[in-house]
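Asks:
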Amino acid sequence: MIRYMLVSVCLLATTCLFRDANAQGIRVGAERFETYLPALRGKAVAVVSNQTGVVKMSRSGESDAYVHIVDVLLDSGVTLKKIFSPEHGFMGHAEAGANVQGSTDTKTGLPVISLYGSKRKKPASADLQGIDAVVFDMQDVGVRFYTYISTLHYVMEACAENGLPLWVFDRPNPHAGYVDGPVLDLSCCRSFVGMHPVPVVYGMTIGEYARMINGERWLKNGVSCDLHVVEMESYTRDSAYSFPVAPSPNLRSMKAIYAYPSLCFFEGTPVSLGRGTWHPFECAGFPGSTAGDYRFTPHSLPLLCTEPPCKDVECTGFRVPDSITDRLPTRLDLSYLLELYRAYPDKEKFFQPFFMKLAGTPELETLLRQGKSEEEIRRSWQPALEKFDKIRRKYLLYP
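First residue of the sequence shown: 0, per numbering that gives the first Met the number 0; consecutive thereafter.
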């Protein structure tokens with residue numbers, strides 16, 4: 000049985016919330032077998048991936064199915080030695096921020112080394128002993144505080160320091176067509192949810208982002224990785240691609256993925272984002288809110304969130320409209336943040352330390368406290384956004 004037919008069940012059947020991912024004829028990097036298999040056969044390979052590293056394949060006598068890149072490589076005669084996994088683990092079951100321990104892949108017997116555990120977020124030299132090449136294949140969502148790009152950074156750094164080539168199999172970014180939000184200030188806000196001087200939405204695929212990390216010399220000591228990006232076919236920045244598998248437990252629909260960069264700021268506040276409901280990142284509110292009229296009550300939900308904010312207490316706020324999926328996003332929507340901040344009764348307790356890490360600068364909190372409008376806040380971002388966009392354009396691969 001194909002392992003990732005099982006994973007979609009383990010993720011609470013999240014794939015049913017996504018449309019056919021290949022409706023536009025896009026071939027993701029992992030599906031361009033002719034590009035990378037000749038170079039990887041005969042080498043000892045390590046894979047950095049999770050439940051999203053799947054490709055659509057036809058098998059004799061069977062309907063099309065999604066097959067994991069680990070199985071694809073093994074079936075193609077590539078010698079796999081080990082697997083590295085990011086936040087949420089190799090199967091994508093772990094909650095946000097949960098310590099993920101190493102394990103063994105039950106199907107292949109390969110060791111799975113966690114890059115989101117108590118010991119390390121970067122492969123150690125000992126982990127790469129006997130390895131000739133590393134493959135990175137994960138579905139990113141194109142937002143600075145989504146940690147897969149931080150894992151990418153450390154994998155690139157480890158490959159550079161150990162003289163190993165890194166193959167990044169590119170995948171679409173639903174927020175690839177625009178840049179928006181404050182640019183991270185490295186002097187105060189660098190962390191695993193923001194490692195580089197980029198805006199909240201940086202408008203690049205993960206392959207393009209890897210090129211920028213290399214080109215801007217952001218790796219430790221300015222080292223450069225031997226990087227090979229396997230580009231997609233038939234992809235453009237206005238391609239309406241739907242994910243075949245949820246990228247993490249609480250991004251269960253394209254609606255949530257489109258709303259994620261606008262709503263995730265609330266992770267640094269007392270506001271609930273619907274964790275502990277069947278619609279996480281599709282709503283926002285808090286108990287007793289006078290803003291909005293959507294009501295929801297978070298509960299403990301295994302595999303999604305066992306201890307959600309506002310657990311077992313009814314919240315009032317907003318539900319993201321279904322129309323958000325009618326077109327690709329073009330900007331952040333700050334209306335939720337502005338309205339719920341205005342409605343929160345104790346302003347001194349609204350902003351928690353994590354808010355500044357997500358924003359990437361103390362300025363956003365300051366402007367909100369000053370009562371600035373959305374357009375005034377946006378104007379404060381523009382000089383840094385324009386400077387970043389000039390850098391970004393050097394590394395783009397798709398129109």
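Positions of the beta carbon are idealized from the N, C-alpha and C atoms, including for glycine. All figures in this text were calculated on a predicted structure; none of them were measured in a lab.
Compute the Euclidean distance between the alpha carbons of residue 226 and residue 45, then round it to the nearest angstrom.
Replies: Within the sequence shown, numbered from 1, the residue matching residue 226 stands at position 227. Within the sequence shown, numbered from 1, the residue matching residue 45 stands at position 46. For residue 226 and residue 45, the distance between alpha carbons rounds to 15 Å.
Asks: Taking DSSP as the reference, what is the three-state secondary structure of residue 292?
Replies: Translated into the one-based positions of the sequence shown, residue 292 becomes position 293. In this structure, residue 292 counts as coil in the three-state DSSP scheme.
Asks: In whole angstroms, what is the alpha-carbon distance linking residue 122 and residue 149?
Replies: Translated into positions along the sequence shown, residue 122 becomes position 123. Translated into positions along the sequence shown, residue 149 becomes position 150. Going from the Cα of residue 122 to the Cα of residue 149 covers about 13 Å.
Asks: Output needed for residue 270: all residues of its chain with C-beta closer than 6 Å, excluding positions within five of it in sequence on either side, in chain order.
Replies: On the sequence shown, position 271 is the one that residue 270 refers to. Result list for residue 270: 283, 285 and 339, in chain order.
Asks: Does the pairing of the stretch 85 to 102 with the stretch 136 to 151 give three or more beta-carbon distances under 8 Å?
Replies: Counting Cβ pairs under 8 Å, three or more are found: they touch.
Asks: Are at least three pairs of beta-carbons, each pair with one atom in the stretch 125 to 138 and one in the stretch 166 to 180, less than 8 Å apart?
Replies: Output reads yes: the stretch 166 to 180 touches the stretch 125 to 138.
Asks: For residue 370, collect the residues of the same chain with a Cβ closer than 6 Å to its Cβ; drop the 5 residues on either side in sequence, then sort them by chain order.
Replies: The residue given as residue 370 occupies position 371 in the sequence shown. There are no such residues.
Asks: Applying the criterion that 16 or more other CB atoms from any shown protein chain within 10 Å of the CB defines a buried residue, is residue 185 buried or exposed?
Replies: What you label residue 185 is simply residue 186 of the sequence shown in a count that begins at 1. Exposed, by the Cβ-count rule.
Asks: Using alpha carbons as the reference points, say which of 40, 263 and 298 lies closest to residue 307.
Replies: Position 308 of the sequence shown holds residue 307. The shortest C-alpha separation from residue 307 is found at 298.
Asks: Locate the alpha helix (DSSP H) running through residue 78, then write down its first and last residues.
Replies: For the purposes of this step, residue 78 is identified with residue 79 of the sequence shown, where counting begins at 1. That residue, residue 78, is in no alpha helix (DSSP H); its beta strand (DSSP E) goes 78 to 84.
Asks: Out of curiosity, what's the CA-to-CA distance linking residue 157 and residue 325?
Replies: Within the sequence shown, the letter at position 158 stands for residue 157. Within the sequence shown, the letter at position 326 stands for residue 325. Using only the alpha carbons, I get a separation of about 41 Å.
Asks: Using a Cβ-Cβ cut-off of 8 Å, state whether residue 316 counts as contacting chain D.
Replies: Considering every chain present, this structure includes no chain D. It has just one protein chain.
Asks: Which value, in whole angstroms, describes the spacing of the CA atoms of residue 176 and residue 374?
Replies: Here residue 176 corresponds to residue number 177 of the sequence shown, with the count starting at 1. Here residue 374 corresponds to residue number 375 of the sequence shown, with the count starting at 1. The alpha-carbon atoms of residue 176 and residue 374 are separated by roughly 20 Å.
Asks: Do you know whose CA, among 53, 74, 72 and 73, lies nearest residue 64's CA?
Replies: Taking the sequence shown and counting its residues from 1, one reaches residue 64 at position 65. Of the listed residues, the one whose Cα sits closest to residue 64 is 53.
Asks: Go ahead and pull the three-state DSSP assignment for residue 180.
Replies: Here residue 180 is taken as the residue at index 181 of the sequence shown, counted from 1. Three-state DSSP puts residue 180 in a strand.
Asks: Any idea what DSSP makes of residue 148, helix, strand or coil?
Replies: Along the sequence shown, read from residue 1 onward, the residue named residue 148 stands at position 149. If DSSP states are grouped into helix, strand and coil, residue 148 belongs with the helices.
Asks: What did DSSP end up calling residue 11 once you bin it into helix, strand or coil?
Replies: To locate residue 11, count along the sequence shown from 1; it is residue 12. Any reading at residue 11 must be qualified, since the residue scores a pLDDT of 36, below 50, and its modelled position is unreliable; the value itself is stated next. Note: residue 11 maps to coil in three-state DSSP.
Asks: Going by CA-CA distance only, name the one from 76, 389, 100 and 321 that's closest to residue 37.
Replies: Residue mapping note: residue 37 aligns to position 38 of the sequence shown, counting from 1. Comparing Cα-Cα distances from residue 37 to each of 76, 389, 100 and 321, the minimum goes to 76.
Asks: Per DSSP, residue 265 forms a beta bridge with which residues?
Replies: Looking up residue 265 in the sequence shown gives position 266. For residue 265, which the question treats as bridged, DSSP gives no partner whatsoever.
Asks: Looking at residue 213: is its Cβ nearer than 8 Å to the Cβ of residue 155?
Replies: The count along the sequence shown starts at 1 and reaches residue 213 at position 214. The count along the sequence shown starts at 1 and reaches residue 155 at position 156. Result yes, Cβ atoms of residue 213 and residue 155 sit closer than 8 Å.
Asks: What is the DSSP secondary structure of residue 352, reduced to helix, strand or coil?
Replies: The sequence position of residue 352 within the sequence shown is 353, counting from 1. It is helical.
Asks: Please identify the residue among 245, 162, 201 and 341 whose C-alpha is closest to the C-alpha of residue 383.
Replies: Along the sequence shown, one-based indexing puts residue 383 at 384. Residue 383 has its Cα closest to that of 201, out of 245, 162, 201 and 341.
Asks: Spatial neighbours of residue 131 within its chain, please: CB distance less than 6 Å, with the 5 preceding and 5 following residues excluded, ordered by chain position.
Replies: Your numbering for residue 131 matches position 132 in the sequence shown. Answer for residue 131: 42 and 43, listed in chain order.
Asks: Would a C-beta distance cut-off of 8 Å place residue 319 and residue 254 closer than the cut-off?
Replies: Position 320 of the sequence shown, counting from 1, holds the residue named residue 319. Position 255 of the sequence shown, counting from 1, holds the residue named residue 254. In contact: residue 319 and residue 254 (Cβ atoms closer than 8 Å).
Asks: Helix, strand or coil for residue 380? Go by DSSP, reduced to three states.
Replies: On the sequence shown, position 381 is the one that residue 380 refers to. Three-state result, residue 380: helix.
Asks: Taking DSSP as the reference, what is the three-state secondary structure of residue 336?
Replies: For this step, residue 336 is matched to residue 337 along the sequence shown. Of the three classes helix, strand and coil, the one that applies to residue 336 here is helix, per DSSP.
Asks: Return the residue from the list 256, 48, 181 and 248 that minimises the CA-CA distance to residue 379.
Replies: Residue numbering aside, residue 379 sits at position 380 when the sequence shown is read from its first letter. Answer by Cα proximity: 181.
Asks: Could you give the residue range of the beta strand (DSSP E) that holds residue 225?
Replies: In the sequence shown, counting from the first residue as 1, residue 225 sits at position 226. Note, residue 225: beta strand (DSSP E), 225 to 229.
Asks: Suppose only complete runs of 3+ residues qualify. What are the beta strand (DSSP E) ranges in the stretch 50 to 135, listed by chain order?
Replies: Counting whole runs of 3 or more residues, the stretch 50 to 135 contains the beta strand (DSSP E) stretches 53 to 56, 64 to 67, 78 to 84 and 110 to 113.
Asks: Compare the C-alpha of residue 230 against each of 247, 376, 278 and 208 and name the closest.
Replies: Within the sequence shown, residue 230 is the residue found at index 231, counting from 1. The option with the nearest alpha carbon to residue 230 is 208.
Asks: Residue 8 to residue 389, Cα distance in whole Å?
Replies: The residue given as residue 8 occupies position 9 in the sequence shown. The residue given as residue 389 occupies position 390 in the sequence shown. Note on residue 8: pLDDT 34, under 50, position unreliable in the model; the coordinate value appears next. If I take the Cα positions, the gap works out to 43 Å.
Asks: Going by beta carbon distance, what residues of the same chain come within less than 7 Å of residue 97, once the five residues before and after it are set aside?
Replies: Taking the sequence shown and counting its residues from 1, one reaches residue 97 at position 98. Answer for residue 97: no residue qualifies.
Asks: Quick check: the Cα distance between residue 354 and residue 33, rounded to an integer number of angstroms?
Replies: Counted from its first residue, the sequence shown places residue 354 at position 355. Counted from its first residue, the sequence shown places residue 33 at position 34. Taking the straight line joining both Cα atoms gives about 45 Å.
Asks: Since residue 238 sits in a beta bridge, which residues does DSSP pair it with?
Replies: As a working mapping, residue 238 is identified with position 239 in the sequence shown. Beta-bridge pairing links residue 238 to no other residue.
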